[in-house]
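All remarks here apply to the structure that follows.
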Amino acid sequence: MSQKVVFIGRIGTGKTVTAKFFGKKLEKYLHRKGILFKYIHINCHKDRSLYPISQKIALEIGLKIPLRGYSYYDIFHLIFRTLSNENIFILVTLDEIDYLSKRKGENNIYFLSRINDEFLEEDLSRINFIFISRNPSFFEKLENSIKSYLMHNKIDFPPYTSTEIIDILQERIIVEKAMRKKAVSDEILELIGDLTGYEKGGPGDARLAIEILWKAGIRAERKGRSFIEIEDVREVYSTISPIRIEDIKNLDRHEKMILIATINALKNSKTRYVSTREVIERYNILCESYNLKPRKRTKIWEYIKILEKMGILNTKISSKGIRGKTTHISIDKISLERLKKNLEYNN
Numbered sequence: 019m020s021q022k023v024v025f026i027g028r029i030g031t032g033k034t035v036t037a038k039f040f041g042k043k044l045e046k047y048l049h050r051k052g053i054l055f056k057y058i059h060i061n062c063h064k065d066r067s068l069y070p071i072s073q074k075i076a077l078e079i080g081l082k083i084p085l086r087g088y089s090y091y092d093i094f095h096l097i098f099r100t101l102s103n104e105n106i107f108i109l110v111t112l113d114e115i116d117y118l119s120k121r122k123g124e125n126n127i128y129f130l131s132r133i134n135d136e137f138l139e140e141d142l143s144r145i146n147f148i149f150i151s152r153n154p155s156f157f158e159k160l161e162n163s164i165k166s167y168l169m170h171n172k173i174d175f176p177p178y179t180s181t182e183i184i185d186i187l188q189e190r191i192i193v194e195k196a197m198r199k200k201a202v203s204d205e206i207l208e209l210i211g212d213l214t215g216y217e218k219g220g221p222g223d224a225r226l227a228i229e230i231l232w233k234a235g236i237r238a239e240r241k242g243r244s245f246i247e248i249e250d251v252r253e254v255y256s257t258i259s260p261i262r263i264e265d266i267k268n269l270d271r272h273e274k275m276i277l278i279a280t281i282n283a284l285k286n287s288k289t290r291y292v293s294t295r296e297v298i299e300r301y302n303i304l305c306e307s308y309n310l311k312p313r314k315r316t317k318i319w320e321y322i323k324i325l326e327k328m329g330i331l332n333t334k335i336s337s338k339g340i341r342g343k344t345t346h347i348s349i350d351k352i353s354l355e356r357l358k359k360n361l362e363y364n365n
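Residue numbers (my numbering): 19 to 365.
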C-alpha cells in the first residue's frame, strides 16, 4: 500500500530540509542493502498540476516512453508498471502542495490520497508520498474522507524558538563552515535569535535568521572587517522588517531625546545593551543643550515603555546585584545611524 505523510508548518520551520535529509539518508541506506530506491523532490509552486508532476516522476525513473498525448492517469499507470518491472521503489515529496490544491479544488489531492483505489492491480508499495504544506488550515479545505485518511500521518513543525535558532546558526558556522567562527560572537547569535525566535515575538523562521547572518557578514566584509558587529545585524534587519518613519516623526520631543540618548550610549559602549542610568544621564545633558526642562524619572520610564511597545527599543532586567535589579535598554530592529538621522531631521 502507498503511504502518505503530511508535514505542516510555517515558512522556515525545517519541513523541506527534513524531507530532503530523510529522503537522501533512506536512499543511501537502501542502496547499501541492494534495494533500488530513489528520492524525488518536486515543488508544486513550479509544477502546479498532476500532469507535469507525473512527467517529472517518469523522467526521474528513466521512463523512455514518449509522454505527449498521455493523461496524467496514463503516465502514473506507466510509472507503476516501470517500478514493478525494474523492481524500483520511490519516495516523492510534493513541496508547497497548497499550490496544487488551489488549481483545481481538491481533485488533485483526492487522486493522490486515494491512489491505492485508482491502481488496485499494481504493487502500490513502490510509490510513497510526503506532502508539505505551510498552511495550518490545509486540512480544513479537504473533504472529510481525505482529511481523516491523511490526519493519521500528520507531522507538525512548530516555529523555532530563539534557542533553537541559535543552535541552527551555530551548526551552519561550526559544522558546515559557512562562516569563520571568530567572525560571529555569541552576542550576535543571541541578537539574531531574539529577533527571529517565536517566543520573542519573531516568526520562528530559521531561513530568515540564516539570511540575516549571511547579509550581516557581507556588510561586515564591505566595511573591511573580518567580524560582524551589532550594527551590521541592525542594518540588515531594518531592511527586511523596517520601522515606519511616520511613527518616528510622530514621537514626542522628549521621546526623541531618549532615543538619541540611547543611540549615543550604545555607540559609545559598542555593546547591545546599556543601562537606563546611562541613558537618563545622557538625556539630561541633551535637554540642557536644547534648553529643555528634563522630565522626571517616572515620566522617562513611561516614555521608555511607549517606545518599547512601538518596537523601537527593548528592555531587559539584569540579575539582582548589590544595588538591586538594573534595567538595560537596546535598539535591535533599526540601524542606529539611520534612526539618528531621522530623529535629528524631524526634531
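Just so it is clear, CB atoms sit at the ideal spot from N, CA and C, and this is done for glycine as well.
Could you say which of Glu104, Tyr167, Thr100 lies nearest to leucine 130 if we only look at CA atoms?
-> Tyr167
At which residues does the beta strand (DSSP E) containing threonine 345 begin and terminate?
-> Looking at the DSSP string, the run of the beta strand (DSSP E) that includes threonine 345 is 345-348.
Taking isoleucine 150 as the reference, which of Leu118, Glu158, Tyr178 has the closest Cα?
-> Leu118
Is it true that the stretch 292-311 meets the stretch 249-259, where meeting means three or more beta-carbon pairs spaced less than 8 Å apart?
-> no
What is the rounded straight-line gap between the Cα of phenylalanine 147 and the Cα of glycine 222?
-> 26 Å
What does a CB cutoff of less than 8 Å around isoleucine 184 pick up in its chain, not counting 5 residues either side in sequence?
-> Leu207, Glu208, Ile210, Gly211
Give the single residue among Asp174, Glu355, Phe157, Ile236 whose Cα lies nearest to the Cα of aspartate 116.
-> Phe157
Pairwise C-alpha distance: isoleucine 248 and tyrosine 321 | 24 Å
Among Lys351, Ile335, Leu304, Lys343, nearest to glutamate 362 - alpha-carbon criterion | Considering only alpha carbons, the answer is Leu304.
Neighbour-count burial assignment, phenylalanine 245, 16 or more Cβ in a 10 Å radius | By the neighbour-count definition (other C-beta atoms within 10 Å, threshold 16), phenylalanine 245 is an exposed residue.
Reduced DSSP secondary structure (H/G/I, E/B, other) of aspartate 270 = coil
DSSP-derived helix/strand/coil call for leucine 77 | helix
Tell whether a beta-carbon distance below 8 Å holds between isoleucine 261 and valine 23.
-> no
Out of Val202, Thr280, Glu217, state which residue places its alpha-carbon closest to the alpha-carbon of arginine 243.
-> Relative to the Cα of arginine 243, the nearest Cα in the group Val202, Thr280, Glu217 belongs to Val202.
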